[in-house]
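Here the structure comes first, spelled out in C-alpha cells, and everything after it is commentary.
Protein chains: 2
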Amino acid sequence: MDKAGFIAAADLQCQQQGVKLTALRRQVLELVLAHEGVVKAYQVLADLQRERGIAAPPTVYRALDFLVEAGLLHKVDALNGYIVCRHVGCCHEGLILVCSACGDVSEVDASPALDVLREQALLQGFAIRQQNLLLTGLCQACRV
Amino acid sequence: MDKAGFIAAADLQCQQQGVKLTALRRQVLELVLAHEGVVKAYQVLADLQRERGIAAPPTVYRALDFLVEAGLLHKVDALNGYIVCRHVGCCHEGLILVCSACGDVSEVDASPALDVLREQALLQGFAIRQQNLLLTGLCQACRV
DNA sequence: TCTTAAATGTTACTATATAACAACACCGTT
DNA sequence: AACGGTGTTGTTATATAGTAACATTTAAGA
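Chains as they are written, first to last, in UniProt numbering: chain A, 1 to 144; chain B, 1 to 144.
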C-alpha cells in the first residue's frame with residue numbers, strides 16, 4: 001500500500017473506532033511512514049522539530065501511543081521503537097520478525113500461533129490479551 | 001527451588017558452560033532472587049549500593065548481561081526488567097506470562113510453541129534464534 | 001615471576017520516557 | 001453568542017534506562 005493509501009485507510013479506521021486522527025497525529029504517522037522499518041520516538045521528534053520548529057517529547061509520545069492504540073503502529077519493545085502495522089483493517093495480532101544483522105523488520109499474521117499460545121497460557125490460569133509477538137533471527141538476505 | 005539451591009544450580013551451570021560465576025555476579029543474582037517477579041536494573045543497583053557502599057550502572061548491567069547470557073535470568077524487554085529463569089538446566093526458551101494487573105510473572109516452556117513459530121517464520125525466509133516469548137494478560141487471581 | 005586476558009571500577013554521557021500543569025480547540029447546550 | 005465540559009496540545013522539568021571509553025585490578029597460565 002502506498003503512503004497516501006495508508007493514510008486514507010488510517011483515517012477510515014479511526015473514524016470507525018470513533019477516535020480522531022488529528023493533524024498532529026497524522027503528521028507523526030507520516031513521519032513514521034517515511035522511514036523503512038523501525039523508527040524511534042526521538043527520531044520522530046527530531047523530524048517533527050524540523051517540520052514545525054519546536055516540539056517536546058510528550059507531543060511525540062502521545063501521538064505514538066495514540067497510533068499504537070488505534071492499531072496503526074506496533075510498538076517494538078525490544079528495540080524501543082515503532083513500526084507501521086502492515087495489516088491495517090485486518091488482523092491485529094502480528095508476528096514481528098526482526099533481523100538481528102540488518103535490522104530489517106517484517107510482519108505476518110500471528111493469530112494462529114497466538115491461538116496455540118493462548119491455550120497453553122490458560123493452563124497456567126493466564127488469559128492473555130490481544131498482542132503482537134516479536135521474534136529475532138536472521139532474514140533471508142543475511143543468512144547466506 | 002529455594003534460593004540456596006538455585007545458587008548451587010547456577011554455579012553448576014556456569015561451570016558446565018566454562019564461565020565464571022564470580023562473587024559480584026553471584027551477589028547480583030542473589031539480589032534479583034530476593035525479589036518477586038520482575039526486577040529493574042536500577043533497583044538492583046540501589047540494592048548493590050546498600051550492600052557495598054558504591055556501585056555504578058555498568059557494574060550492574062555487566063552482571064545482568066552475564067546472567068542472561070548464562071541462561072540464569074531472562075530479560076523482559078517490555079518491562080525494562082529481568083526475571084529469574086525458573087527452568088535452569090532444562091529448557092532455555094521460556095513463555096513468560098505477565099499479568100498486566102498485578103505484575104505477577106510466571107514462566108513455562110515455550111519450545112513447542114516456538115517450533116511452530118519457527119516454521120511460520122521460515123516461510124518468510126527468517127531463521128529465528130533461540131529466545132523467549134513474552135505475553136501479557138490477566139492471571140488467575142486478577143481475572144475474577 | 002611475568003604476562004595476558006578477563007573482570008571490575010570510574011567518569012561522563014547519551015537515550016528513553018513520564019509527571020504535572022497550562023493553554024487551547026472543539027462540540028453540544030442554553 | 002456565551003457557557004461549560006472534554007479532549008488535545010504545549011511547556012517545563014525531571015525521572016528512568018543504558019552505554020562509551022578508559023583505568024585498574026584480579027586470575028590463570030607460560
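Even glycine gets a Cβ: it sits at the ideal position worked out from N, Cα and C. These figures come from a predicted structure and were not determined experimentally.
- Message: I want to verify the contact list: residues of chain B whose CB lies under 9 angstroms from the CB of R143 (chain A), in sequence order.
- Response: What you label residue 143 (chain A) is simply residue 143 of the first sequence in a count that begins at 1. Under the 9 angstroms cutoff, chain B gives G125, F126, A127.
- Kindly indicate if chain B contains any beta-carbon less than 9 angstroms away from that of D77 (chain A). The residue labelled residue 77 (chain A) in the question sits at position 77 within the first sequence. Closer than 9 angstroms: yes.
- Per-residue DSSP class, three states only, for E36 (chain B): By 1-based counting over the second sequence, the position of residue 36 (chain B) is 36. Residue state, collapsed to three classes: coil.
- Continuous beta strand (DSSP E) assignments of at least 3 residues falling wholly in the region 13-78 of chain B: 73-76
- Which partner residues does I128 (chain A) have in the DSSP bridge list? As a first step, residue 128 (chain A) is located in the first sequence; it is residue number 128 there, counting from the start. Answer is B:G137, bridged to I128 (chain A).
- Message: Any contact between the region 26-45 of chain B and the region 55-68 of chain B? By contact I mean 3 or more CB pairs, one from each, below 8 angstroms.
- Response: yes
- Item | Unbroken alpha helix (DSSP H) run spanning E119 (chain A), endpoints | Residue mapping note: residue 119 (chain A) aligns to position 119 of the first sequence, counting from 1. That run of the alpha helix (DSSP H) goes 111-123.
- Item | Contacts around V105 (chain A), its chain only, beta-carbon distance under 8 angstroms, and the 5 residues preceding and following it disregarded | Start at 1 with the first residue of the first sequence, and residue 105 (chain A) comes out as number 105. Correct list, in chain order: G37, V38, V76, I83, I96, L97, V98, C99.
- Item | Same chain, Cβ closer than 6 angstroms to I128 (chain B), neighbours up to 5 away in sequence not counted | Taking the second sequence and counting its residues from 1, one reaches residue 128 (chain B) at position 128. Hits under 6 angstroms: R118, A121.
- Task: Give the secondary structure of C85 (chain B) by DSSP, where H, G and I count as helix, E and B as strand, and everything else as coil.
- Result: For the purposes of this step, residue 85 (chain B) is taken as residue 85 along the second sequence, with counting starting at 1. Residue state, collapsed to three classes: coil.
- Query: Using the rule of at least 16 other Cβ atoms within 10 Å of the residue's Cβ for burial, across every protein chain shown, is V116 (chain B) buried or exposed?
  - Reply: As a position in the second sequence, residue 116 (chain B) is number 116, starting the count at 1. It is exposed - the Cβ of V116 (chain B) has fewer than 16 other Cβ atoms within 10 Å.
- Whole-angstrom distance between E93 (chain B) and A113 (chain B), CA atom to CA atom: Counting from one through the second sequence, the residue named residue 113 (chain B) turns up at place 113. Counting from one through the second sequence, the residue named residue 93 (chain B) turns up at place 93. Distance between the alpha carbons of A113 (chain B) and E93 (chain B): 10 angstroms.
- Query: Rounded to a whole number of angstroms, what is the C-alpha to C-alpha distance between A70 (chain A) and Q130 (chain B)?
  - Reply: Counted from its first residue, the first sequence places residue 70 (chain A) at position 70. Counted from its first residue, the second sequence places residue 130 (chain B) at position 130. So the two alpha carbons sit approximately 31 angstroms from each other.
- Which of the three DSSP states, helix, strand or coil, is assigned to C99 (chain B)? The residue given as residue 99 (chain B) occupies position 99 in the second sequence. Note: C99 (chain B) maps to strand in three-state DSSP.
- Message: Beta carbons nearer than 8 angstroms to chain A: which residues of the region 88-108 of chain B have them?
- Response: L95, L97, C99, S100, S106, V108
- Kindly list the residues whose CB is nearer than 8 angstroms to the CB of L73 (chain B), restricted to its own chain and excluding five residues on each side of it in sequence; keep chain order. Position 73 of the second sequence, counting from 1, holds the residue named residue 73 (chain B). Here the set comprises L29, V32, L64, L67, Y82, I83, V84, C85.
- Message: Measuring straight from C-alpha to C-alpha, what distance separates I7 (chain B) and T136 (chain A)?
- Response: Here residue 7 (chain B) refers to the residue found at position 7 when the second sequence is read from its first residue. Here residue 136 (chain A) refers to the residue found at position 136 when the first sequence is read from its first residue. The straight-line gap from Cα to Cα measures roughly 30 angstroms.
- Item | Proximal chain B residues relative to G137 (chain A), where beta-carbon distance stays under 9 angstroms | Walking along the first sequence from the start, residue 137 (chain A) turns up at place 137. Residues of chain B passing the Cβ test: R118, A121, F126, A127, I128, R129, Q131.
- Task: Report the residues of the region 22-45 of chain A with a CB closer than 9 angstroms to any CB of chain B, ordered along the chain.
- Result: none
- Message: Would you say P112 (chain B) lies against chain A (beta-carbon separation less than 9 angstroms)?
- Response: Along the second sequence, one-based indexing puts residue 112 (chain B) at 112. It does; some Cβ of chain A falls within 9 angstroms.
- Cut-off 7 angstroms between Cβ atoms - residues of its own chain near A10 (chain B), not counting five sequence neighbours on either side: Reading the second sequence from its first residue, position 10 is the one you call residue 10 (chain B). L21, L29, L72, V88.
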